[in-house]
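Asker:
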Amino acid sequence: MKHRRYELLPVALLCVLALVASACGKKATTSTGATPTGTASGGGSGAMPGVVGAIIKVGDLHSLSGTMAISEVAVKNAELLAIDEVNAAGGVLGKQLQVVTQDGASDWPTFAEKAKQLITVDKVATVFGGWTSASRKAMLPVFEQYKGLLWYPVQYEGLESSPDIYYTGATTNQQIIPGLEYLKAQGKTKLFLLGSDYVFPRTANKEIKAYAAANGMTIVDEQYTPLGSTEFGTLVNKIAADKPDAVFNTLNGDSNVAFFKQLKGAGITPQQMPVLSVSIAEQEVAGIGIQNIVGQLTAWNYYQTTNTPENAKFVAAYKAKYGANQTVDDPMEAGYTAVHLWAMAANKAQSTDVAAVRAAAAGLTFAAPEGTVTIDGPTQHLYKTARIGVIGADGLITEVSSSPQPIKPDPYLKSYTWWKG
Amino acid sequence: MGSLLTQAFTGLGIGATLLLIALGLTFTFGQMNVINMAHGEFIMAGAYTAYMLQGSFGRETSLLVSLPVAFVIAGALGVALETVLIRRMYGRPLDTLLVTWGVSLMLQQLARDLFGAANVQVLTPSWLVGGVHVAGVDMPYARLFIMALVAAAVAGIWVYMTYLPQGRRMRAVMQNRQLAACSGIPTARVDRRTFFIGSGLAGVAGVALTQLGSVGPTLGTNYIVDAFLVVVVGGLGQIRGAIIAAIALGVLDAYVEWGTSASFAKVVVFVAIVAFLQARPQGLFVLKTRALT
Chain E
2 MKHRRYELLP
12 VALLCVLALV
22 ASACGKKATT
32 STGATPTGTA
42 SGGGSGAMPG
52 VVGAIIKVGD
62 LHSLSGTMAI
72 SEVAVKNAEL
82 LAIDEVNAAG
92 GVLGKQLQVV
102 TQDGASDWPT
112 FAEKAKQLIT
122 VDKVATVFGG
132 WTSASRKAML
142 PVFEQYKGLL
152 WYPVQYEGLE
162 SSPDIYYTGA
172 TTNQQIIPGL
182 EYLKAQGKTK
192 LFLLGSDYVF
202 PRTANKEIKA
212 YAAANGMTIV
222 DEQYTPLGST
232 EFGTLVNKIA
242 ADKPDAVFNT
252 LNGDSNVAFF
262 KQLKGAGITP
272 QQMPVLSVSI
282 AEQEVAGIGI
292 QNIVGQLTAW
302 NYYQTTNTPE
312 NAKFVAAYKA
322 KYGANQTVDD
332 PMEAGYTAVH
342 LWAMAANKAQ
352 STDVAAVRAA
362 AAGLTFAAPE
372 GTVTIDGPTQ
382 HLYKTARIGV
392 IGADGLITEV
402 SSSPQPIKPD
412 PYLKSYTWWK
422 G
Chain Y
10 MGSLLTQAFT
20 GLGIGATLLL
30 IALGLTFTFG
40 QMNVINMAHG
50 EFIMAGAYTA
60 YMLQGSFGRE
70 TSLLVSLPVA
80 FVIAGALGVA
90 LETVLIRRMY
100 GRPLDTLLVT
110 WGVSLMLQQL
120 ARDLFGAANV
130 QVLTPSWLVG
140 GVHVAGVDMP
150 YARLFIMALV
160 AAAVAGIWVY
170 MTYLPQGRRM
180 RAVMQNRQLA
190 ACSGIPTARV
200 DRRTFFIGSG
210 LAGVAGVALT
220 QLGSVGPTLG
230 TNYIVDAFLV
240 VVVGGLGQIR
250 GAIIAAIALG
260 VLDAYVEWGT
270 SASFAKVVVF
280 VAIVAFLQAR
290 PQGLFVLKTR
300 ALT
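This is the structure:
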């Protein structure tokens with residue numbers, strides 16, 4: 002009997018680990034008996050997807066709970082703002098848009114399930130959603146199987162192009178390569194690569210290494226930490242010992258907070274060794290602590306400070322809807338742009354049918370807050386202007402360099418001789 | 010050589026952080042056998058206390074003021090949890106685990122509703138910015154602060170358990186509940202006090218962690234697994250076991266990561282723990298008792 006109290010320990014420990022590992026576990030979805038008919042085709046005839054009487058249903062699928070909620074709730078808000086604007090301007094095909102919101106819960110299988118539910122049960126015309134590459138990879142087969150249409154608003158690692166997805170964030174050659182070109186122009190040729198251990202940083206770093214090899218830059222080290230890791234003592238020591246010219250940072254989520262706090266604690270300043278980040282935008286700066294990250298570099302296509310008349314209108318409208326102390330950032334702008342692009346394409350096609358929208362979308366141009374964007378028909382990505390920014394003491398990011406014109410999307414890096422993907 | 014020393018310090022720093030988050034758990038899990046999954050959310054409550062108080066006390070002093078306030082707030086949360094739920098399911102660890110996990114999700118959502126889903130900013134006081142450079146080793150003040158804090162906490166616990174009647178009663182209940190009850194010790198009240206201290210220590214850890222990591226609704230989940238590991242390796246209810254386990258795990262992690270990568274270091278640490286628990290399932294130290302249970 003003496004050992005009874007210990008018998009439960011292994012069981013308990015296993016449960017603890019399992020529960021925490023899936024911290025915000027899957028939520029059961031209602032079983033979907035429906036077949037995908039009705040969304041699969043329609044061809045502009047009576048049965049257009051999403052159309053119910055005088056309204057058109059569209060889906061919105063972001064993580065509203067769990068670790069990614071921090072970033073994704075804001076994107077959802079920007080998309081809802083755009084839907085309000087589209088409705089105020091007369092809607093699509095003369096019908097008002099109605100949003101069906103679902104929670105992906107920061108859990109990739111849930112994203113797939115909810116996407117299937119949106120397409121087959123709610124029968125929405127299109128879906129705006131996703132953030133992490135893992136969630137997009139989980140949703141991709143669902144959209145391809147049921148012939149749905151997804152608008153994905155976040156920069157990603159490239160090497161993907163699906164006829165059922167429009168990518169309104171940057172692909173590699175619109176964000177990472179301009180970032181590298183900027184560092185090279187500044188004479189920062191010894192790089193330390195730091196990333197979270199999942200698909201985006203690993204793929205991005207593969208591309209960075211190929212670029213570096215072709216451009217006379219050296220990679221002193223390449224390090225990954227588990228997603229959500231908060232212990233960076235050893236990594237900061239490695240950076241200090243390697244003495245790179247700059248750090249290329251593809252960390253995601255809470256790890257960024259811990260990394261910048263501990264980097265600052267070790268007394269490494271952006272003047273000595275700048276960190277160029279591709280996953281830190283205005284939304285994340287406040288959580289990291291402005292004092293910990295001021296002066297560091299970012300690579301995006303849009304900043305709240307971007308100087309266009311459309312952006313002044315966008316920022317004002319967002320603050321009017323959600324509060325004057327709100328900030329906006331690149332993925333939010335990309336989500337907002339996605340809604341407007343889809344509405345334009347559907348109006349042009351006079352249909353919500355996926356094939357008709359796709360045909361109408363090619364070459365479509367929109368005056369977005371980031372400047373004019375154009376849909377590239379074959380890749381279904383956008384022509385976007387790359388912008389390198391520096392984080393200021395007010396928490397906003399100011400542009401220090403930008404590409405002269407919008408860059409043609411090249412997700413497979415075909416136009417780069419150094420890439421043999 | 011320099012890097013070896015630097016890593017030794019980093020390992021100690023990691024160990025101190027692990028110990029700080031595990032100290033509270035040695036009381037609630039170790040001594041009372043309650044698997045409290047909401048422990049991480051008490052850490053979060055401490056961190057948010059630091060966030061709330063910086064408005065009223067200013068950047069320089071609010072962190073110090075937050076320590077006792079967070080202790081009381083997290084402790085009060087713990088007592089509330091113990092009184093309302095846990096007391097009703099002593100001796101049913103798996104039920105407790107599920108219930109407290111539910112509570113932890115509720116507390117996370119509460120934090121999200123109160124403070125927003127985004128991480129918040131806790132300012133670093135100017136006396137914690139930077140570090141000292143001794144014998145080729147960079148020692149960030151934030152790490153030194155956590156080491157000092159954990160040393161003070163351990164000393165406080167030692168004094169309490171050894172010299173104060175309340176502490177002796179706590180040990181008596183832990184070693185033999187029935188005999189303690191027979192001797193007139195109000196075990197229910199002692200349980201509540203144990204829970205108050207354990208949860209309060211989580212709050213203190215939360216305040217310190219604002220200097221190292223993110224402050225957001227899911228802060229607790231970042232640390233809870235490590236905290237349980239330290240307690241299990243150290244041996245249930247063994248403060249000295251937790252100290253040795255935390256430092257050993259921290260130093261092991263620091264050196265393995267230096268030679269390899271963070272993900273691999275995590276694997277090595279877990280394998281080491283599994284192997285160790287195979288050889289010594291009861292942890293480093295065992296509570297010696299003549300009780301029949």
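So the protein lines, in turn, are chains E and Y. So the number in this note's numbering is just where the residue sits in the first sequence, counting from 1, plus 1. So the number in this note's numbering is just where the residue sits in the second sequence, counting from 1, plus 9. All C-beta atoms in this analysis are idealised placements derived from N, C-alpha and C, irrespective of residue type, glycine included. Here the structure is a predicted model, which is why all the values come from computation and not from measurement.
What separation, rounded to the nearest whole angstrom, lies between the Cα atoms of Y/Val182 and Y/Arg198?
Answerer: The straight-line gap from Cα to Cα measures roughly 11 Å.
Asker: So, helix, strand or coil for Y/Phe294, using DSSP?
Answerer: In this structure, Y/Phe294 counts as coil in the three-state DSSP scheme.
Asker: Could you pull out every residue in the same chain whose Cβ sits closer than 6 Å to the Cβ of Y/Ser71, ignoring the five residues on either side in sequence?
Answerer: Within the same chain, Y/Ser71 has close Cβ partners Leu62, Gln63.
Asker: How is the beta strand (DSSP E) around E/Glu400 delimited, first residue to last?
Answerer: Element bounds for E/Glu400: 398-403.
Asker: Taking 8 Å as the threshold (beta carbon to beta carbon), is E/Thr102 in contact with chain Y?
Answerer: Not closer than 8 Å to any Cβ of chain Y, the Cβ of E/Thr102 fails to qualify, so no.
Asker: For the ligand FAD, I want to know if Y/Arg177 counts as a neighbour, meaning its beta carbon is within less than 7 Å of at least one of the ligand's heavy atoms.
Answerer: For the structure depicted, the ligand FAD is absent and the ligand set is empty, with no information on it obtainable.
Asker: Classify Y/His142 as buried or exposed, calling it buried when 16 or more other Cβ atoms lie within 10 Å of its own Cβ.
Answerer: So Y/His142 counts as exposed.
Asker: List the residues of chain Y whose Cβ lies closer than 8 Å to the Cβ of E/Lys424, in chain order.
Answerer: One cannot answer for residue 424 of chain E here, as it falls past the ends of chain E, which runs 2 to 422.
Asker: Within the 8 Å Cβ cut-off, does Y/Thr109 reach chain E?
Answerer: Not closer than 8 Å to any Cβ of chain E, the Cβ of Y/Thr109 fails to qualify, so no.
Asker: Can you list the residues of chain E that Y/Ile23 reaches, using a CB-CB cut of under 7 Å?
Answerer: Ordered by position in chain E, the residues that pass the 7 Å Cβ test against Y/Ile23 are Glu232, Gly234.
Asker: Looking at chain Y, is there any beta carbon in it that lies within less than 8 Å of the beta carbon of E/Ala213?
Answerer: Not an interface residue.
Asker: What is the residue span of the alpha helix (DSSP H) that E/Gly159 lies within?
Answerer: E/Gly159 -> no alpha helix (DSSP H), and no H or E assigned at all.
Asker: Using C-beta distances below 7 Å, list every residue in its chain close to E/Ala350, excluding the 5 sequence neighbours before and after it, in chain order.
Answerer: Ala357, Val358, Ala360, Ala361.
Asker: To the nearest angstrom, how far is it from the Cα of E/Ser134 to the Cα of E/Pro164?
Answerer: Answer to the nearest angstrom: the Cα atoms are 17 Å apart.
Asker: Residues of chain E with CB closer than 8 Å to the CB of Y/Ser12, please, in chain order.
Answerer: Going along chain E in sequence order, the residues near Y/Ser12 (Cβ under 8 Å) are Asn238, Ala242.
Asker: Between Y/Arg201 and Y/Thr92, how many whole angstroms is the CB-CB distance? I'm expecting something under 8 Å.
Answerer: Going by Cβ atoms, the distance from Y/Arg201 to Y/Thr92 rounds to 7 Å, so yes, they are a contact pair.
Asker: Label E/Lys322 either buried or exposed according to how many other C-beta atoms from any shown protein chain fall within 10 Å of its C-beta, with 16 as the threshold for buried.
Answerer: By the 10 Å Cβ count, E/Lys322 comes out exposed.
Asker: For the pair the stretch 364-372 of chain E and the stretch 303-320 of chain E, tell me if three or more CB-CB distances fall below 8 Å.
Answerer: With the cut-off at 8 Å, the stretch 364-372 of chain E and the stretch 303-320 of chain E touch.
Asker: Let me check one thing: in DSSP terms, what residues is Y/Pro149 bridge-paired to?
Answerer: Per DSSP, Y/Gly140.
Asker: Does the distance from the CB of Y/Leu221 to the CB of Y/Ala274 come in under 8 Å?
Answerer: Contact: no.
Asker: Look at the alpha carbon of Y/Gly100 and the alpha carbon of E/Leu160, and state the distance between them as a whole number of angstroms.
Answerer: For Y/Gly100 and E/Leu160, the distance between alpha carbons rounds to 54 Å.
Asker: Name the two residues that bound the continuous alpha helix (DSSP H) containing E/Ala369.
Answerer: From DSSP, E/Ala369 is part of no alpha helix (DSSP H) but of the beta strand (DSSP E) over 366-369.
Asker: Are the CB atoms of E/Asp243 and E/Asp222 within a distance shorter than 8 Å?
Answerer: A contact, by the Cβ cut-off of 8 Å.
Asker: With 8 Å set as the bound, which would you pick, yes or no: does the beta-carbon of Y/Ala17 sit closer than that to a beta-carbon of chain E?
Answerer: No, Y/Ala17 lies away from the interface with chain E (no Cβ there is under 8 Å from its Cβ).
Asker: If I measure Cβ to Cβ from E/Ser404 and keep anything under 7 Å in the same chain, skipping five residues before and after, which residues do I get?
Answerer: Counting only Cβ-Cβ distances below 7 Å, and skipping sequence neighbours, we find Pro179, Thr386, Ala387.
Asker: So is E/Ile177 in contact with chain Y if we call contact Cβ pairs under 8 Å?
Answerer: No, because no Cβ of chain Y sits closer than 8 Å to the Cβ of E/Ile177.
Asker: Output, in chain order, the set of chain E residues within a Cβ distance shorter than 9 Å of Y/Ala271.
Answerer: What Y/Ala271 touches in chain E: Asp198, Gln224, Tyr225, Thr226, Pro227, Ser230, Glu232, Phe233, Thr235, Leu236.
Asker: Residues bridged to E/Arg388 by DSSP?
Answerer: E/Trp301, E/Ser403, per the DSSP bridge assignment.
Asker: To the nearest whole angstrom, what separates the beta carbons of E/Gly396 and E/Ile291, a pair I think is in contact under 8 Å?
Answerer: Confirmed, about 5 Å.
Asker: Leaving out five residues on either side along the sequence, give the residues of the same chain with a beta carbon under 6 Å from the beta carbon of Y/Val280.
Answerer: Taken in chain order, the list of residues that qualify is empty.
Asker: Grab me the residues of E/Gly44's own chain with a C-beta within less than 7 Å of its C-beta, minus the 5 sequence neighbours each way, in chain order.
Answerer: Any reading at E/Gly44 must be qualified, since the residue scores a pLDDT of 40, below 50, and its modelled position is unreliable; no value is offered.
Asker: In the DSSP assignment, what residue or residues form a beta bridge with E/Ser278?
Answerer: E/Ser278 pairs with E/Asn250, E/Thr299.
Asker: Should the stretch 74-81 of chain E be called in touch with the stretch 331-338 of chain E, which here means at least 3 C-beta pairs below 8 Å?
Answerer: These segments touch.
Asker: Using only the alpha-carbon positions, how far apart do E/Lys186 and E/Gln272 sit?
Answerer: According to the sequence shown, residue 186 of chain E is Ala rather than Lys. Rounded to whole angstroms, E/Ala186 to E/Gln272 spans 16 Å at the Cα level.
Asker: Can you list, in chain order, the stretches of the beta strand (DSSP E) that have 3 or more residues and sit fully within the stretch 187-224 of chain E?
Answerer: You should have 191-197.
Asker: Can you tell me whether E/Gln273 is helix, strand or coil according to DSSP?
Answerer: Coil at E/Gln273, not helix or strand.
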